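Chains A and B are the protein sequences, given in the same order.
Note that the numbering used here has the first sequence beginning at 2, numbered continuously upward.
Note that the numbering used here has the second sequence beginning at 361, numbered continuously upward.
For glycine and all other residues, C-beta sits at the position ideal for the given N, C-alpha and C.
This one's a predicted model, so the numbers in the text were calculated from it and none came from an experiment.
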Amino acid sequence: MAEELKLLGAWASPFSLRIELALKLKGIKYQYIEEDLSNKSPLLLKSNPVHKKIPVLIHNGKPIAESLVILEYIDETWKNNPLLPENPYDRAIARFWAKFVDEKILQIAVKFRLAKEKEKEQIIQELGEQLQFLEKELEGKEFFGGESIGYVDVVAYFIVNWLQVQQEVRQIVFISEEKFPVLCKWMGKLHEIDVVNGCLPPKDKHYAYMRAQIEAAKSAIK
Amino acid sequence: MAEQEVKLLGAGTSPFVHRVKVALELKGIPYEYIQEDVFNKSSLLLKYNPVFKKIPVLVHNQKPISESLVILEYIDETWKHNPMFPQDAHEKAMARFWAKFIDDKVTTAIRGVLTTEGVQQQENEKHAMEALQVIEGELKGKKFFGGESIGFVDIVMGGITLWLEALEEAAGVKIHDPEKYPSIDKWMQNFAHLPVIKESLPQRDILLQYFRKGRQISLALAAGK
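This is how it looks when you write it as structure tokens:
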């Protein structure tokens with residue numbers, strides 16, 4: 002029986018990209034549908050009526066929304082190359098750190114985007130404090146998943162990448178190699194892996210998009 | 361067989377702790393309860409949850425786990441009888457989806473109603489009611505989110521709504537309306553009557569005191585900025 006798998010996503014969204022990486026890591030075939038977020042498709046609105054957001058995975062006609070929920074579904078449905086560890090305690094730790102990335106790191110990053118100039122210094126400091134937790138968690142490990150890429154790596158990679166791109170576009174330091182040697186080394190390693198870096202959006206397009214977003218946010222604050 | 365050592369660091373006033381208590385009770389898991397003073401955190405709590413410094417923390421054979429939803433999943437995977445989650449992968453995903461919705465939308469807005477005033481409070485009130493409207497739609501026709509018996513989503517939702525009355529009084533705002541949310545109202549009554557729930561609810565005046573204090577602190581912090 003042919004499985005029908007569709008992913009509704011957006012090329013620059015770290016949430017969408019993490020799903021693509023998970024599917025690619027497991028060698029799962031899927032149909033990718035790029036959504037125009039300024040003009041959402043009827044399929045998206047029908048598949049995620051509550052949030053109307055991407056990513057949405059549609060498996061044999063059944064939609065699943067929320068990237069972390071989708072990742073767990075993928076891991077439970079296609080059991081090869083597992084993302085989550087086997088034992089319940091390690092799984093709990095992985096879930097904890099995924100939540101940490103999406104709640105703490107991301108929230109502060111969004112706060113920065115909308116902040117006034119005078120608030121930015123404080124927020125960068127806050128971000129640094131939270132990143133230190135991640136730095137510490139990764140110490141002594143190849144990846145968050147241990148010897149191989151796991152759930153937290155998939156979740157965190159595109160968020161940290163987003164921060165790195167922001168760094169370059171804004172000319173501000175969020176994650177210095179000096180303060181975060183472990184995280185920077187980890188990103189370097191992941192950037193070298195084809196299946197991982199293959200998921201990244203084209204650099205020029207991504208940078209242009211980020212610049213446009215920053216400009217839009219600036220005008221909104223005025 | 362070596363006795364399993366389960367400890368729960370919590371506070372009677374926390375709906376997040378309540379979720380974990382309910383899960384442990386439903387599975388008949390014996391545990392040691394350690395009461396924390398959330399306004400004066402113990403060194404044990406800071407040791408077990410250095411990142412968030414929050415309760416609940418479940419400590420199983422000396423290994424700590426934080427974040428109530430993470431703890432619930434851990435409990436369900438470790439003690440497999442009386443499962444909280446449905447078997448079917450898609451239904452399980454939906455349960456996780458709704459649990460996240462409850463915490464991201466319902467809990468956040470309701471907490472916001474308590475900790476803010478004026479225009480901000482009105483905004484939070486609006487968001488809380490919008491979120492409850494969505495839940496109302498999802499719950500329609502069902503006794504519990506889990507069907508005939510409670511499951512993951514019911515346990516997640518439980519504390520939030522049962523705490524609501526005391527929170528509404530402390531905040532001076534009415535959020536729940538049995539006429540607007542009849543399914544939620546019925547669900548709250550069914551849920552509150554379950555033996556495992558009845559025995560574990562905190563006293564209303566303790567909750568009220570806790571919420572009043574919390575509101576005071578939050579408003580003072582906001583004014584101080």
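To the nearest angstrom, how far is it from the Cα of residue i to the Cα of residue j?
i	j	result
alanine 110(A)	alanine 221(A)	17 angstroms
aspartate 37(A)	tyrosine 210(A)	14 angstroms
glutamate 138(A)	histidine 553(B)	43 angstroms
histidine 536(B)	glutamate 477(B)	18 angstroms
glutamate 365(B)	tyrosine 391(B)	7 angstroms
leucine 44(A)	glutamate 5(A)	15 angstroms
proline 424(B)	alanine 217(A)	43 angstroms
phenylalanine 113(A)	leucine 432(B)	33 angstroms
tyrosine 33(A)	leucine 84(A)	21 angstroms
glutamate 490(B)	alanine 583(B)	28 angstroms
phenylalanine 134(A)	tyrosine 408(B)	14 angstroms
valine 513(B)	lysine 47(A)	23 angstroms
glutamine 108(A)	aspartate 448(B)	32 angstroms
isoleucine 120(A)	glutamate 143(A)	Position check: residue 120(A) holds glutamate in this sequence, whereas isoleucine was assumed. Their backbone Cα atoms lie some 35 angstroms apart in a straight line.
alanine 580(B)	serine 543(B)	37 angstroms
isoleucine 510(B)	glutamate 451(B)	14 angstroms
valine 102(A)	alanine 157(A)	6 angstroms
glutamate 193(A)	tryptophan 187(A)	10 angstroms
alanine 383(B)	tyrosine 31(A)	37 angstroms
leucine 58(A)	leucine 499(B)	23 angstroms
valine 70(A)	tryptophan 79(A)	14 angstroms
glycine 372(B)	lysine 558(B)	14 angstroms
leucine 568(B)	lysine 206(A)	54 angstroms
methionine 361(B)	glutamate 148(A)	Legend: pLDDT at methionine 361(B) = 37, less than 50; position of this residue unreliable, value from coordinates given subsequently. Going by the C-alpha atoms only, they are around 33 angstroms apart.
methionine 2(A)	asparagine 61(A)	Residue placement at methionine 2(A) is poorly supported in this model, since its pLDDT is 42, which falls under 50; the coordinates still yield a value, given next. When rounded, the distance between both Cα atoms is 11 angstroms.
histidine 420(B)	lysine 204(A)	46 angstroms
glutamine 123(A)	glutamate 508(B)	50 angstroms
lysine 486(B)	glutamate 178(A)	44 angstroms
aspartate 464(B)	isoleucine 566(B)	26 angstroms
tryptophan 98(A)	alanine 453(B)	19 angstroms
valine 479(B)	serine 374(B)	27 angstroms
tyrosine 1(A)	proline 202(A)	It is not possible to answer for residue 1(A), since the shown part of chain A is limited to 2 through 223.
alanine 23(A)	leucine 522(B)	38 angstroms
Measuring CA to CA, which of the options is closest to residue i?
i	options	result
asparagine 49(A)	Pro64(A), Arg92(A), Leu191(A) and Asn40(A)	Pro64(A)
isoleucine 150(A)	Lys117(A), Val197(A) and Gln167(A)	Val197(A)
arginine 212(A)	Ile194(A), Gln168(A) and Lys190(A)	Gln168(A)
glutamate 529(B)	Gly574(B), Asn442(B) and His441(B)	Gly574(B)
serine 330(B)	Pro443(B), Lys381(B) and Ile470(B)	Given that chain B is displayed from residue 361 to residue 585, the structure contains no residue 330(B) and the question cannot be resolved.
glutamine 422(B)	Leu404(B), Lys500(B) and Glu498(B)	Leu404(B)
threonine 467(B)	Ala531(B), Val516(B) and Leu499(B)	Val516(B)
arginine 379(B)	Arg564(B), Tyr434(B) and Leu406(B)	Tyr434(B)
alanine 95(A)	Phe16(A), Asn82(A), Gln123(A) and Glu73(A)	Glu73(A)
lysine 440(B)	Gly62(A), Pro89(A) and Glu77(A)	Pro89(A)
glutamate 104(A)	Val494(B), Glu427(B), Arg564(B) and Val533(B)	Glu427(B)
glutamine 482(B)	Val533(B), Asp436(B) and Lys502(B)	Val533(B)
asparagine 442(B)	Gln549(B), Ile389(B) and Trp547(B)	Ile389(B)
isoleucine 29(A)	Asp195(A), Ala93(A), Asn81(A) and Ser68(A)	Asn81(A)
lysine 219(A)	Pro15(A), Pro86(A), Glu118(A) and Arg92(A)	Glu118(A)
tyrosine 541(B)	Phe551(B), Val494(B) and Ser402(B)	Val494(B)
Report the CB separation of residue i from residue j in whole angstroms; it is logged as a contact under 8 angstroms.
i	j	result
tyrosine 393(B)	leucine 418(B)	That belief does not hold up - the Cβ atoms of tyrosine 393(B) and leucine 418(B) are roughly 11 angstroms apart, past 8 angstroms.
glutamate 21(A)	cysteine 200(A)	5 angstroms
leucine 8(A)	proline 56(A)	6 angstroms
valine 51(A)	phenylalanine 461(B)	7 angstroms
valine 556(B)	glutamate 396(B)	Contact doesn't hold; Cβ gap of about 22 angstroms is too wide.
valine 166(A)	glutamate 136(A)	Rounded, the Cβ-Cβ distance is 19 angstroms, inconsistent with contact.
glycine 519(B)	phenylalanine 376(B)	7 angstroms
aspartate 240(A)	glycine 146(A)	Given a span of 2 to 223 for chain A in the structure shown, any question on residue 240(A) remains unanswerable.
CB residue i to CB residue j, shorter than 8 angstroms?
i	j	result
alanine 13(A)	glutamate 35(A)	no
isoleucine 173(A)	leucine 164(A)	no
glutamine 126(A)	isoleucine 106(A)	no
phenylalanine 181(A)	leucine 18(A)	no
phenylalanine 505(B)	tryptophan 458(B)	yes
leucine 474(B)	phenylalanine 399(B)	no
lysine 27(A)	isoleucine 75(A)	yes
leucine 524(B)	isoleucine 577(B)	no
arginine 564(B)	alanine 531(B)	no
lysine 100(A)	valine 430(B)	yes
valine 161(A)	isoleucine 215(A)	no
leucine 406(B)	lysine 413(B)	yes
glycine 370(B)	proline 416(B)	yes
Do residue i and the ligand HEM come close, with the Cβ less than 7 angstroms from some heavy atom?
i	result
glutamate 130(A)	The model depicted lacks the ligand HEM and carries no ligand whatsoever.
### Message
Extract the residue ranges of the alpha helix (DSSP H) inside the region 12–93 of chain A, only unbroken runs of 4 or more that lie entirely within it.
### Response
Counting whole runs of 4 or more residues, the region 12–93 of chain A contains the alpha helix (DSSP H) stretches 15–26, 43–48 and 68–78.
### Task
Kindly provide the ranges of any alpha helix (DSSP H) runs that are 4 or more residues long and lie completely inside the region 411–467 of chain B, ordered along the chain.
Those alpha helix (DSSP H) runs which fall completely within the region 411–467 of chain B and span 4+ residues are 428–438 and 449–461.
#### Entry: Runs of alpha helix (DSSP H) lying entirely within the region 165–194 of chain A, each at least 4 residues, in chain order
Given a length threshold of 4 residues, each whole run of the alpha helix (DSSP H) inside the region 165–194 of chain A is given here in chain order: 182–193.
### Query
Which parts of the region 97–161 of chain A are runs of the alpha helix (DSSP H), unbroken and 4 residues or longer, counting only runs that do not cross its ends?
If we require 4 residues or more, the alpha helix (DSSP H) runs fully inside the region 97–161 of chain A come out as 107–115 and 118–139.
### Message
My parser needs the alpha helix (DSSP H) runs of 4 or more residues fully inside the region 467–513 of chain B; what are they?
### Response
Qualifying alpha helix (DSSP H) stretches, in chain order: 468–475 and 478–499.
### Task
List in chain order: all unbroken beta strand (DSSP E) runs of 3+ residues lying wholly within the region 364–392 of chain B.
For the region 364–392 of chain B, whole beta strand (DSSP E) runs of length 3 or above, ordered along the chain, are 366–370.
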